[in-house]
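Report on the structure given below.
In the numbering used here, the protein residues as written are 395 to 483.
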């Protein structure tokens, strides 16, 4: 999924986020998506949209969600370099 923060595009590794969610369940940090959302102080709908790729989420919400998953922004996002005009794609 491609997201944009502060004018920069990033590719988000949703699979890594989902694996971290599953790991949190295994470690019993939360029981389900509702418990995870409560842990990070966001709605279940927001957490669900983020993890499904249906919504980018604000930078603040993204930070809270990633912290709850035990991940950093850099672990989940890779900068997307803009193609230069006239270059092969």
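All C-beta atoms, glycine included, are put in the ideal place defined by N, C-alpha and C.
Inset, instruction - Quick one: give me the first and last residue of the beta strand (DSSP E) that residue 423 is part of. - result: No beta strand (DSSP E) holds residue 423; DSSP gives it neither H nor E.
Inset, instruction - Mind the definition here: the stretch 465-474 touches the stretch 425-436 only if three or more C-beta pairs lie below 8 Å; say whether that holds. - result: no
Legend entry - Terminal residues of the alpha helix (DSSP H) in which residue 468 lies: 467-470
Legend entry - Distance, residue 414 Cα to residue 461 Cα: CA-to-CA, the gap between residue 461 and residue 414 works out to about 11 Å.
Legend entry - Reduced DSSP category for residue 397 - H, G, I as helix; E, B as strand; rest coil: strand
Inset, instruction - With a cut-off of 8 Å on the beta carbons, I'd call residue 408 and residue 436 a contact; round off their distance for me. - result: No, residue 408 and residue 436 are not in contact; Cβ-Cβ is about 17 Å, not under 8 Å.
Inset, instruction - Kindly indicate which residue of 468, 448 and 447 has the alpha-carbon position closest to the one of residue 457. - result: 468
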